Every structure is written in C-alpha cells, then in structure tokens.
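*Asks:* The opening position of the sequence shown corresponds to residue 2 in our numbering, with each subsequent residue numbered one higher. Think of the CB as a built atom: it goes at the ideal place given N, C-alpha and C, for glycine as much as any other residue. Fair warning: this is a prediction, and the values are worked out from it, not measured in the lab. Before I ask anything, let me first share the structure, which is written out below as structure tokens.
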Amino acid sequence: MTINRVLAKIKLAKRIAIFAHKNPDPDAYGAMFAMREFCRNLNLDADIFAIKNKRGYLDNIFPLEEVKTDFKSGDYDLVIILDMHLIDRLAPEFVSEVEKSKNIIVIDHHKIVEGEKLPTKNYYVMEDYAATCEILTDFAVKCNLKITPTIATYLYTGLMGDTDRFLHKNLTRHVFETAILLYDKKAEIQHVYDYLYRYKTQQQLEIYKQMLDNLIYYEGGKAVCSIFTLKDLKRLDADQEDVKFYTNDLVKIKGVELSILCIEYKKDYFKFSLRSNGLNTVNFSTRMGGGGHVCASAFETEISLKEIKKLMPKWIKGIMNGK
C-alpha cells in the first residue's frame, strides 16, 4: 500500500478509530496522537483508544485523559492500527470489536514474520524505519500535511522513545534527518527530554534500586536479567508500566551484550523485554509468541518464577549463540 493510498482511504472516512499495541510506549502514543491531529486538520472525526490505568510520566507529554475505552466497531467506518500489525497485540478489551471492523489500515515498522496473519490487506510497513513516528513524519511530508509544533512534539517523542536518544543500533541517516525536520517544525525537544529522561520521582528511584538489587548475571557478565514479581510491585506501590520505564537501561551496563527485564502481570504470567548491543533477540521472541526488532524485542507467557530461573540460563545461551 502506498502512502498516497493511505491518505486517500483516510479522507474517505467519516469517523476514525486509532489504536496501537497494548501498554503503549512513546512511539505508540506519539503515532496515535499525531495521526489524530492529522485527521482533525483534515476536518475528520478521529478518536484514540487505549487502556490506561493511572497517571505516569507520559501524561506530561500527551493529553492521555483524552483517550477512550468504549470502542464499538459500528460507530466507526475506519480503524487505523499503528506500531503493530497483529490483532492479538491489541489490549484484549478491544480485540473482538476491532475484528468486526471491515475497513482497517495498518502502519508499522516491525518486521512481518512469515506465516503471520495480518488483519487487513491495507498495510504500510517499513521495516527499515526506527519508529512508527518516523514513518508518519514521512507520511506528512509526502502528503503535504501540516506538521504543527504539537504534532512535531508527538512525533519527536516517539522517535526518541524507539531510538532511546539515538543510543540504539537502529539508526540511519534518515533518523537524524527526521529529528532535524521535527526540530525545524518547533518540536518541544527540551520538554520531551525532561519527561522521558531527566526527571525522576522518589518512587522511580526506588524501582530502579530494586531492579539493580534483583540483577542476575550470566555468561561471565555478558548477559543480565532482573525480575519483578507482583510482590515486588505491591511493596513499591508500583505497576508494570512504572517498571517498563527502565527497559532500556540494563543493556547500558559496560560489558553487557544482552539484558532481559521480566515483569509479572498476573499470577505466574510474565512479560519479557529483551535488549541487546547487536545480538539478534527477535528470533527468540518470535518463537515465544512475541516480536519486535533485532536488538529490541519482547514476549509474554504463562510461567512461574521458579521456571524462569531454571530456564533463563538456557534461553540466554541460545540467544547469545544465535539461536
């Protein structure tokens, strides 16, 4: 699907529902809010749907109080899915109604794996882009859509989130050109940096301390894992999203080539976020039912803490050996 075809389908819609994957990150929220503004600037009615449990650091960048939760497929004639391409990666509250939708567009930068069943034939997937917000910046430029300072801020947030301030190995010349373009469009760059990276609450520091206290090293210090159980979260008065804030931090430890952050979402049900400095993590995550990028991927599964500790050495050895 071409970008012009994406725009044509959007312009034909009367009411548009915008989604991203469950537990949206900065790129997902940035893409959703930017897309909503593009639609509204075209005089189209557009709403964002997401499940959000409490205020967090992203409330300082996005007007998250405006997201909706009561999606009914019959109320919208177009669904736009951003930063994901599989229905089962939506929040479960939305899956059944989205599956009823007859008109869906997917815009994503995650690799489509052979055998995956996409929810639509109308998809625009750019696997060589670092962020969905990078794709949407291109979309705006090529379709002559106005990038306001607000939209530029949303897009810059997503670009920074998925490159972690240009620290990941998913960088290209185009990433930097996109950042410069958004700077020229008056993105509030300092505001984005303040709330993504600079400011820390006392609770965030306690969570970070717990993450370090829980560290387990493998393969002579080349890999590291930290596990948060429901008991840990209760003691810290935190939720899973508070911990996810630090997903990228462990792989920054000198000498570490692979990190895995494990977070319990319900009894014996964990999400695993994998980060690396060049190692392929996505093959393993895909085999486990997840996905992502070569150096940044995730999966979730039903498993006990005891089983995690038993299997982790084997998992890490396999990933480090290219399996």
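From which residue to which residue does the alpha helix (DSSP H) around C134 run?
*Replies:* As a working note, residue 134 is residue 133 in the sequence shown. Run containing C134: 133-143, per the alpha helix (DSSP H) assignment.
*Asks:* In the structure shown, what three-state DSSP assignment does C263 receive?
*Replies:* Here residue 263 corresponds to residue number 262 of the sequence shown, with the count starting at 1. If DSSP states are grouped into helix, strand and coil, C263 belongs with the strands.
*Asks:* Is it the case that the segment 97-104 contacts the segment 140-156, given that we only count it when at least three CB pairs across the two stretches are under 8 Å?
*Replies:* no
*Asks:* Within the continuous beta strand (DSSP E) that includes A18, where are the two ends?
*Replies:* Residue 18 sits at position 17 when you count from the first residue of the sequence shown. Its beta strand (DSSP E) spans residues 16-20.
*Asks:* Which of the three DSSP states, helix, strand or coil, is assigned to S305?
*Replies:* Within the sequence shown, residue 305 is the residue found at index 304, counting from 1. Looking at S305 - three-state DSSP - the assignment turns out to be coil, as it is neither helix nor strand.
*Asks:* Would you report the Cα separation of K15 and R41, rounded to the nearest angstrom?
*Replies:* Locating residue 15 in the sequence shown gives position 14, where the first residue counts as 1. Locating residue 41 in the sequence shown gives position 40, where the first residue counts as 1. The alpha-carbon atoms of K15 and R41 are separated by roughly 11 Å.
*Asks:* Determine the extent of the beta strand (DSSP E) in which V107 is found, giving its start and end residues.
*Replies:* Taking the sequence shown and counting its residues from 1, the one referred to as residue 107 is at position 106. Here the beta strand (DSSP E) through V107 covers 105-109.
*Asks:* Using the beta-carbon count (16 or more within 10 Å), is T202 buried or exposed?
*Replies:* Counting from one through the sequence shown, the residue named residue 202 turns up at place 201. Classification for T202: exposed.
*Asks:* Does DSSP put S227 in a helix, in a strand, or in coil?
*Replies:* Here residue 227 refers to the residue found at position 226 when the sequence shown is read from its first residue. Of the three classes helix, strand and coil, the one that applies to S227 here is strand, per DSSP.
*Asks:* Work out the CA separation of F140 and V80 for me, nearest whole Å.
*Replies:* Position 79 of the sequence shown, counted from the start, is the residue given in the question as residue 80. Position 139 of the sequence shown, counted from the start, is the residue given in the question as residue 140. Near 17 Å, if we compare the C-alpha coordinates of F140 and V80.
*Asks:* Once the 5 residues before and after I317 are set aside, which same chain residues still bring their CB inside 7 Å of it?
*Replies:* Position 316 of the sequence shown, counting from 1, holds the residue named residue 317. Y219, E220, A224, L259, listed in sequence order.
*Asks:* By a C-beta neighbour count over all protein chains shown, 10 Å radius and 16 as the cutoff for buried, is K272 buried or exposed?
*Replies:* For this step, residue 272 is matched to residue 271 along the sequence shown. Around the CB of K272, 16 or more other CB atoms lie within 10 Å, so the residue is classed as buried.
*Asks:* What span of residues does the alpha helix (DSSP H) with F177 cover, start to end?
*Replies:* Counting from one through the sequence shown, the residue named residue 177 turns up at place 176. Taken as a continuous stretch (DSSP letters only), the alpha helix (DSSP H) holding F177 covers 174-185.
*Asks:* Are F95 and F50 touching if we call contact CB-CB under 8 Å?
*Replies:* For this step, residue 95 is matched to residue 94 along the sequence shown. For this step, residue 50 is matched to residue 49 along the sequence shown. Closer than 8 Å, so yes.
*Asks:* Roughly how many angstroms lie between the CA atoms of L251 and A132, to the nearest whole one?
*Replies:* Taking the first residue of the sequence shown as position 1, residue 251 is located at position 250. Taking the first residue of the sequence shown as position 1, residue 132 is located at position 131. If you take the alpha carbons of L251 and A132, they lie about 21 Å apart.
*Asks:* Among all the DSSP beta bridges, which residues are the ones paired with V126?
*Replies:* As a position in the sequence shown, residue 126 is number 125, starting the count at 1. For V126, which the question treats as bridged, DSSP gives the partners D109.
*Asks:* Quick one: give me the first and last residue of the alpha helix (DSSP H) that K10 is part of.
*Replies:* Translated into the one-based positions of the sequence shown, residue 10 becomes position 9. Its alpha helix (DSSP H) spans residues 4-13.
*Asks:* For F72, which of helix, strand or coil comes out of DSSP?
*Replies:* Numbered from its first residue, the sequence shown carries residue 72 at position 71. Here F72 carries a coil assignment [DSSP, helix/strand/coil].
*Asks:* For the putative contact between G319 and F285, defined by C-beta atoms under 8 Å, what is the C-beta separation to the nearest angstrom?
*Replies:* Here residue 319 refers to the residue found at position 318 when the sequence shown is read from its first residue. Here residue 285 refers to the residue found at position 284 when the sequence shown is read from its first residue. Taking a contact as a CB-CB distance under 8 Å, the pair G319 and F285 counts as one, their CB atoms being some 7 Å apart.
*Asks:* Since K272 sits in a beta bridge, which residues does DSSP pair it with?
*Replies:* Here residue 272 refers to the residue found at position 271 of the sequence shown. The partner list for K272 (beta bridge, DSSP) reads I264, E301.
*Asks:* Of all the beta strand (DSSP E) runs that stay within the bounds of the segment 28-68, which reach a length of 3 or more residues?
*Replies:* Taken in chain order, the complete beta strand (DSSP E) segments of 3 or more residues contained in the segment 28-68 are 46-49.
*Asks:* Got a sec, what are the start and stop residues for the beta strand (DSSP E) V96 sits in?
*Replies:* On the sequence shown, position 95 is the one that residue 96 refers to. Note, V96: premise wrong, no beta strand (DSSP E); alpha helix (DSSP H) at 93-101.
*Asks:* State the start and end residues of the unbroken beta strand (DSSP E) segment that holds L83.
*Replies:* For this step, residue 83 is matched to residue 82 along the sequence shown. Start and end: 79-83.
*Asks:* For I217, which residues does DSSP report across the bridge?
*Replies:* Sequence index remark: in the sequence shown, residue 217 carries index 216 (1-based). The partner list for I217 (beta bridge, DSSP) reads C226.
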